[in-house]
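In terms of this note's numbering, the first sequence has 407 at position 288, counting the first letter as 1, and numbering is strictly consecutive.
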Amino acid sequence: MSNPETLSLYDTLTRSYKEFPPQDSPARTNPDEPISYYTCGPTVYDSAHIGNFRAYIFEDQVVRALEYLGWKVKQVMNITDVDDKTIKGANPTGADNEPRILRERLDAYTAPYIEAFFADIDKLNIRRAAVYPRATRTIGAMVLLVGRLIEKGFAYRGEDGSWYFPIRQFPGYGWLSGLDLEQVSVGARVDSDEYDKLDARDFVLWKTRRPGEPSWDPTEYDAASPLPPGRPGWHLECSAMSGRHLGETLDMHSGGHDNIFPHHENEIAQSEAANGTTFVRHWLHCGYLLVENQKMSKSLGNFFTLQNLLDRGHEALAVRLLLLSTHYRKPLNFTFDGLRGAEANLKRLREFLRRLEREEASAPVAPDEELGLGGTGAGPLLSKLKDDFAAALRDDLNISKALAAVFELVGTLNRLLDGGGVRREEIAAARKTLLGFDEVLGLRLGENAGKATIEPAWVEERLAARQQARRERDFARADALRDELAAAGVVVEDTPEGPRWHVE
RNA sequence: GGCGGCAUAGCCAAGUGGCUAAGGCAGAGGAUUGCAAAUCCUUCAUUCCCCGGUUCGAGUCCGGGUGCCGCCUCCA
120 MSNPETLSLY
130 DTLTRSYKEF
140 PPQDSPARTN
150 PDEPISYYTC
160 GPTVYDSAHI
170 GNFRAYIFED
180 QVVRALEYLG
190 WKVKQVMNIT
200 DVDDKTIKGA
210 NPTGADNEPR
220 ILRERLDAYT
230 APYIEAFFAD
240 IDKLNIRRAA
250 VYPRATRTIG
260 AMVLLVGRLI
270 EKGFAYRGED
280 GSWYFPIRQF
290 PGYGWLSGLD
300 LEQVSVGARV
310 DSDEYDKLDA
320 RDFVLWKTRR
330 PGEPSWDPTE
340 YDAASPLPPG
350 RPGWHLECSA
360 MSGRHLGETL
370 DMHSGGHDNI
380 FPHHENEIAQ
390 SEAANGTTFV
400 RHWLHCGYLL
410 VENQKMSKSL
420 GNFFTLQNLL
430 DRGHEALAVR
440 LLLLSTHYRK
450 PLNFTFDGLR
460 GAEANLKRLR
470 EFLRRLEREE
480 ASAPVAPDEE
490 LGLGGTGAGP
500 LLSKLKDDFA
510 AALRDDLNIS
520 KALAAVFELV
530 GTLNRLLDGG
540 GVRREEIAAA
550 RKTLLGFDEV
560 LGLRLGENAG
570 KATIEPAWVE
580 ERLAARQQAR
590 RERDFARADA
600 LRDELAAAGV
610 VVEDTPEGPR
620 WHVE
């Protein structure tokens with residue numbers, strides 16, 4: 120393995136391109152040290168939609184690209200399993216009960232959504248992160264974090280016992296989002312439990328227990344904790360979980376553009392106030408997803424989960440290809456036209472790999488090949504394309520350029536193979552190059568997952584009958600046999616060397 | 001109102017001052033085929049939202065518009 124290559128990546132905080140990994144990242148000097156990468160995960164109150172998956176696929180691209188370029192990565196993705204929506208979902212009537220019962224109800228409510236989330240990311244071939252910490256299982260770390268904030272004077276208690284973070288005390292507040300605190304309008308609406316904030320813009324760290332809401336007793340984790348029984352505020356979990364699994368300073372943190380404010384802004388404030396160290400060296404955010412040029416919403420009827428698309432007969436990996444083929448920082452306009460285009464592209468890539476495998480297996484090893492002669496000189500082309508591909512990734516993950524290299528490989532090799540005389544080792548090298556690209560694209564080109572298993576003898580029997588019919592020029596019968604095979608998912612292609620088939 | 005992003009062919013999209021504006025999808029014509037499929041060839045933006053300006057030269061820089069999108073504190 121050659122030395123890892125650095126990338127030029129846009130950084131949200133400085134609004135500029137920066138070299139990644141950052142200079143002060145331990146991964147830069149210690150080859151065994153992984154890049155620490157924290158990603159905001161799902162709130163499990165419902166099935167994730169394709170807008171969520173754009174972010175998760177983008178983050179998967181980041182990991183895959185870094186690994187392709189030679190880096191080790193430790194990715195952590197949180198699962199938010201306690202917030203207002205999950206609480207409401209778990210206990211719609213608001214009936215009060217013991218905290219333990221309410222916590223159990225919450226777990227029972229989120230469990231199927233957690234399961235669905237993992238099933239979906241598997242279908243989309245999103246690699247699993249190293250850890251998926253759950254908020255409800257990390258309460259102790261959150262309690263300790265608030266404890267440190269209290270010690271340092273970065274938290275105050277409201278009248279009802281909830282604790283808040285005083286944003287005015289944190290000098291860097293607003294930096295990430297570029298918001299000027301004085302300009303942020305303080306809404307006229309003041310929530311009933313916000314009356315005792317010192318500043319209406321302060322955010323809650325720990326909410327005191329309300330009837331009907333699951334709660335945790337902080338003294339179970341820290342006997343000296345002044346926090347009342349209650350639950351964590353929205354932002355606290357990410358600061359606590361990232362610290363627990365990746366340390367006080369992260370190489371990279373990413374999420375959707377809409378997480379910048381207030382979520383990530385508040386994470387910075389909490390973590391840096393508590394630890395006195397830089398929280399994140401590099402911030403990365405992906406753009407929004409539109410559907411047919413409109414915001415995705417249930418009322419417009421353009422709201423899609425992955426399952427909705429599968430139900431319409433689309434393929435998860437085509438959805439993946441579509442969602443990754445727009446540069447991560449640009450708005451992505453999801454259309455069914457685009458999805459069909461992605462399906463065509465995916466088919467072309469699969470077809471190309473099949474051709475390489477087929478021709479590699481049948482290519483004779485010519486006498487001059489043993490001498491290293493002959494062939495078409497595909498080698499230099501392949502190394503150029505690999506260079507182009509890697510350079511595209513290093514250029515702020517320029518996926519369009521990377522895909523151009525992939526399709527140049529397809530077009531050029533198809534031409535060479537049509538011309539003949541390609542050496543077996545050249546074909547093998549092309550195949551390996553394509554599969555190498557797919558390590559980043561994640562389209563499972565080299566796998567046959569999900570394909571129907573067909574009994575070859577059954578197919579051969581029909582093919583033989585069809586050939587017989589063709590020889591007799593009984594094309595109606597030949598086409599009927601081909602249709603029968605097609606119905607079973609078998610695609611037949613006639614060639615000068617006879618028919619060949621594959622399962623689709 | 002404040003802050004930020006985007007605008008390139010029917011669709012997706014690269015491009016960050018200089019040869020003929022990448023690549024993909026769709027379309028058209030052709031080779032091949034019994035018909036298909038796959039593949040290949042040809043074709044598909046005198047032009048980059050509009051108006052000015054800078055420059056020998058601008059899609060690329062500057063100014064001004066227009067349009068679309070996001071954020072401006074969770075629980076609304």
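The beta-carbon is built from N, C-alpha and C at its ideal position, and this holds for glycine as well. Being a predicted model, the structure only gives us computed values, none of them experimental.
Where DSSP assigns a beta bridge to residue i, which residues make up the other side?
i    : result
Q413 : V410
R350 : K326
H621 : V610
S127 : E138, D514
In this structure, does DSSP put residue i in helix, strand or coil?
i    : result
E186 : helix
H168 : strand
D625 : With the chain covering 120 to 623 only, the question about residue 625 has no answer from this structure.
W335 : strand
R256 : helix
V163 : coil
E479 : helix
S361 : helix
N122 : coil
L562 : coil
L451 : strand
W294 : coil
A605 : helix
R308 : In this prediction, R308 scores a pLDDT of 37, lower than 50, which makes its location untrustworthy; no coordinate-derived value is stated.
S502 : helix
A342 : coil
G555 : helix
G496 : coil
I546 : helix
L243 : coil
K466 : helix
T229 : helix
L317 : coil
R592 : coil
P615 : coil
E234 : helix
I573 : coil
L472 : helix
V627 : Because the chain here runs from 120 to 623, residue 627 falls outside it and cannot be looked at.
D598 : helix
D456 : helix
Determine the contact status of residue i and residue j, defining contact as a CB-CB distance below 7 Å.
i    : j    : result
Y156 : D515 : no
T396 : T424 : no
D507 : A524 : yes
G272 : D341 : no
R246 : D202 : no
K191 : A249 : no
L317 : L355 : no
V181 : T229 : no
G280 : T327 : yes
P153 : N197 : no
L443 : L564 : no
R542 : E479 : no
A167 : L512 : no
A597 : R585 : yes
V611 : E623 : no
C454 : E411 : The sequence shown places Thr at residue 454, rather than the Cys named in the question. Closer than 7 Å, so yes.
Between the segment 358-370 and the segment 320-333, do at least 3 Cβ pairs fall closer than 8 Å? The segment 358-370 makes no contact with the segment 320-333; the number of CB pairs closer than 8 Å stays below 3.
Could you pull out every unbroken beta strand (DSSP E) segment of at least 3 residues lying fully inside the segment 370-442, listed in chain order? Runs of the beta strand (DSSP E) inside the segment 370-442: 371-375, 402-405, 408-410.
Segments of 3+ residues assigned as beta strand (DSSP E) that fall wholly inside the segment 188-224: Runs of the beta strand (DSSP E) inside the segment 188-224: 192-196.
What runs of the alpha helix (DSSP H), each 4 residues or longer, lie entirely inside the segment 512-540? Counting whole runs of 4 or more residues, the segment 512-540 contains the alpha helix (DSSP H) stretches 518-538.
Just to confirm the assignment: which complete beta strand (DSSP E) runs, minimum length 3, are found wholly within the segment 245-289? Considered as a whole, the segment 245-289 harbours 282-284 as its complete beta strand (DSSP E) runs of no fewer than 3 residues, in chain order.
If we require 3 or more residues per run, which beta strand (DSSP E) segments fall completely within the segment 130-163? For the segment 130-163, the continuous beta strand (DSSP E) assignments of 3+ residues that do not extend past its boundaries occur at 135-139, 154-158, in sequence order.
Is the segment 171-184 touching the segment 397-407, taking contact as three or more C-beta pairs under 8 Å? Enough Cβ pairs lie closer than 8 Å, so yes.
If we count Cβ pairs, one from each stretch, closer than 8 Å, do we get three or more for the segment 419-437 versus the segment 234-250? The segment 419-437 makes contact with the segment 234-250: 3 or more CB pairs, one atom from each, lie closer than 8 Å.
Kindly confirm or deny that the segment 220-228 and the segment 381-390 touch, where touching means at least three C-beta pairs closer than 8 Å. Proximity of the segment 220-228 to the segment 381-390 falls short of the contact definition, fewer than three beta-carbon pairs being nearer than 8 Å.
For the segment 547-559 and the segment 469-477, state whether three or more C-beta atom pairs, one from each stretch, are separated by less than 8 Å. As far as the Cβ criterion goes, the segment 547-559 touches the segment 469-477, which means the pair count is three or higher.
Using a Cβ distance threshold of 8 Å, determine whether the segment 429-439 contacts the segment 209-218, with at least three qualifying pairs required. They do not touch, by the three-pair rule.
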